[in-house]
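Number of protein chains: 2
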Amino acid sequence: MQQPFPQPLMSQCKTLHFARNEWLIKEGEPPPYLYFLVEGKAKIYVTHSNGKVSLLDFVAPHTYIGEMELLNDTYYSKGVQAITVTTCLALPLATCKEELLADAKFLRALATFLSTKATLMSKKYSQSLAYPVENRLADFILQSADQHIYQERHVTVCDYLGVSYRHLLYVLAQFCERGYLVKKGKSYEIFDEQALYNLASEVR
Amino acid sequence: MQQPFPQPLMSQCKTLHFARNEWLIKEGEPPPYLYFLVEGKAKIYVTHSNGKVSLLDFVAPHTYIGEMELLNDTYYSKGVQAITVTTCLALPLATCKEELLADAKFLRALATFLSTKATLMSKKYSQSLAYPVENRLADFILQSADQHIYQERHVTVCDYLGVSYRHLLYVLAQFCERGYLVKKGKSYEIFDEQALYNLASEVR
DNA sequence: CAATGAATAGGAGATATCTCATATAGTTAA
DNA sequence: TTAACTATATGAGATATCTCCTATTCATTG
Numbered sequence: 052m053q054q055p056f057p058q059p060l061m062s063q064c065k066t067l068h069f070a071r072n073e074w075l076i077k078e079g080e081p082p083p084y085l086y087f088l089v090e091g092k093a094k095i096y097v098t099h100s101n102g103k104v105s106l107l108d109f110v111a112p113h114t115y116i117g118e119m120e121l122l123n124d125t126y127y128s129k130g131v132q133a134i135t136v137t138t139c140l141a142l143p144l145a146t147c148k149e150e151l152l153a154d155a156k157f158l159r160a161l162a163t164f165l166s167t168k169a170t171l172m173s174k175k176y177s178q179s180l181a182y183p184v185e186n187r188l189a190d191f192i193l194q195s196a197d198q199h200i201y202q203e204r205h206v207t208v209c210d211y212l213g214v215s216y217r218h219l220l221y222v223l224a225q226f227c228e229r230g231y232l233v234k235k236g237k238s239y240e241i242f243d244e245q246a247l248y249n250l251a252s253e254v255r
Numbered sequence: 052m053q054q055p056f057p058q059p060l061m062s063q064c065k066t067l068h069f070a071r072n073e074w075l076i077k078e079g080e081p082p083p084y085l086y087f088l089v090e091g092k093a094k095i096y097v098t099h100s101n102g103k104v105s106l107l108d109f110v111a112p113h114t115y116i117g118e119m120e121l122l123n124d125t126y127y128s129k130g131v132q133a134i135t136v137t138t139c140l141a142l143p144l145a146t147c148k149e150e151l152l153a154d155a156k157f158l159r160a161l162a163t164f165l166s167t168k169a170t171l172m173s174k175k176y177s178q179s180l181a182y183p184v185e186n187r188l189a190d191f192i193l194q195s196a197d198q199h200i201y202q203e204r205h206v207t208v209c210d211y212l213g214v215s216y217r218h219l220l221y222v223l224a225q226f227c228e229r230g231y232l233v234k235k236g237k238s239y240e241i242f243d244e245q246a247l248y249n250l251a252s253e254v255r
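Keeping their order, the protein sequence lines are chains A and B. 52 is the number of the first residue of the first sequence in the working numbering; add one for each residue after it. 52 is the number of the first residue of the second sequence in the working numbering; add one for each residue after it.
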């Protein structure tokens, strides 16, 4: 992808930086900008009426953020929190909205982005219906591990998988018992990648 | 919404009819058309590697179908099945793709449609993580009931809620015991809408 | 440094949900 | 109309997952 926004609007585009754990968008507060993440990582959260919190997705560079507010006037904004130091391009919605919505090249990129997002969410949705935590956790471990080391915070993973802290520990303990993982202090080393892969690949 | 496709392409647009239970799109087979549902209802299905089937969504008139294939070259097509007799406008992708992807008005409508779809899927996803079947079933009963009569087929609902047939019956039986529903032959009459609403409104 | 709150860790018991088996009724096609 | 599915119904027993509780470690901040 080249430029995320139409050339004529780039002059209005700011570069914003966010600290680790800072909120790019607070839940329920429509943001004043359309963001395009260029560096860093962030998390999208939503809070439910029963108090549970869901971590909807992790987002990486080359991602639009706040694009829902561009298209839907009445949209309940999700919370977006920086995981690392993060850099975004930011375009003020108030002055740019009309022009964005008339630019075919931008709209095509946006539609492609949204179709990927819709597809991803459908996939996660149907997988959450069809597979137990064991499979989805195996998948997540493989995806988030670095150099065969898995070290996500349990509390984060609970929100991501929609599972209780207690149960997450049970399943991790099982993986250790079966020799898939070996616990090393706060992190886990992957010892039987194939086994995890078999579990995860149920989740295509 | 006025016209779903750009005026210059309308001459290539066919009107197709599907019988009840006929497949508009077979799972895994990219469709040759971009559809726009004008009359009838349909269901979107996906099959998992463990054999389970998920009913992703019900679709109603004014819905694009096959739009993912327009934007993503490598897309695993979901199965789409007519629930009732269904009428669609159908535009051949092969000849119209480029022109569609250059039309700002169409792209804007498509992007809006996709943002709604992504939002809906995120919502269903996070709710599936945060709420048990009881809440999601109450919500579904209220949404699908007509004149206080609920009469969806259990097998369909199992796929929709990602729950076993056995468990679905348990929860329905509970609703009857508590006086929320009264079973009348194959259907259920809603007797305590407020109670169901309370359960469902957890699911905002 | 102490103090407070968050995160990790695991026990015990309750629920939610699943699998398997079996029986009956409804639907479809030869 | 039978034969062969498909859907409904329900019991019994297994698992997956949750809630509540308690203890310890870790991180932040006055």
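Beta carbons: idealized from backbone N, C-alpha and C, even for Gly.
For residue i, write down the residues that DSSP places opposite it in a beta bridge.
i: E295 (chain B); result: Because chain B here runs from 52 to 255, residue 295 (chain B) falls outside it and cannot be looked at.
i: K234 (chain B); result: B:Y239
i: A141 (chain A); result: A:K65, A:Y86
i: Y201 (chain B); result: B:Y239
i: F109 (chain B); result: B:K94
If contacts are defined as beta-carbon pairs under 8 Å, then residue i and residue j qualify, I think. What distance do you get, rounded to the angstrom?
i: L212 (chain A); j: V233 (chain A); result: So it is not a contact: roughly 21 Å between Cβ atoms.
i: L10 (chain A); j: A189 (chain A); result: Here chain A comprises residues numbered 52 to 255, so residue 10 (chain A) is not present and cannot be evaluated.
i: Y115 (chain B); j: L85 (chain B); result: 7 Å
i: L75 (chain B); j: A133 (chain B); result: 6 Å
i: T98 (chain B); j: V104 (chain B); result: 5 Å
i: G91 (chain A); j: V136 (chain A); result: 6 Å
i: L165 (chain A); j: S166 (chain B); result: 5 Å
i: G230 (chain A); j: D243 (chain A); result: 6 Å
i: E240 (chain A); j: H199 (chain A); result: 6 Å
Looking at the structure shown, is residue i part of a helix, part of a strand, or coil, going by DSSP?
i: S195 (chain B); result: helix
i: F164 (chain A); result: helix
i: K94 (chain B); result: strand
i: Q189 (chain B); result: Rather than Gln, the amino acid found at residue 189 (chain B) in this sequence is Ala. If DSSP states are grouped into helix, strand and coil, A189 (chain B) belongs with the helices.
i: A70 (chain A); result: coil
i: Y216 (chain A); result: helix
i: Q132 (chain A); result: strand
i: T114 (chain B); result: strand
Does residue i come within less than 8 Å of chain B when only Cβ atoms are used?
i: G213 (chain A); result: yes
i: N72 (chain A); result: no
i: M119 (chain A); result: yes
i: K175 (chain A); result: yes
i: S62 (chain A); result: no
Return yes when the C-beta of residue i is under 7 Å from any heavy atom of the ligand SAM, and no when it is not.
i: V184 (chain A); result: The ligand SAM is absent from the structure shown, which contains no ligands of any kind.
Compare the C-beta of residue i against all C-beta atoms of chain A and say whether one is closer than 8 Å.
i: Y182 (chain B); result: yes
With 7 Å as the C-beta to C-beta threshold (strictly closer), list the residues of the stretch 89-106 of chain B near chain A in chain order.
V97, H99, S100, N101, K103, S105
Residues, ordered as in the chain, of the stretch 235-247 of chain A that lie near chain B by beta-carbon distance below 8 Å
none
When you check each C-beta in the stretch 186-208 of chain B against every C-beta of chain A, which residues fall closer than 7 Å?
none
Closer than 8 Å between beta carbons: that is the criterion. Which residues of the stretch 150-172 of chain B meet it against chain A?
Sequence-ordered contacts of the stretch 150-172 of chain B with chain A read L152, A153, D154, A155, L158, R159, L161, A162, T163, L165, S166, T167, K168, A169, T170, M172 [C-beta pairs closer than 8 Å].
Identify each residue in the stretch 118-149 of chain B for which the Cβ-Cβ distance to at least one residue of chain A is less than 9 Å, and report them in chain order.
E118, M119, L121, L122, N123, Y126, Y127, K129
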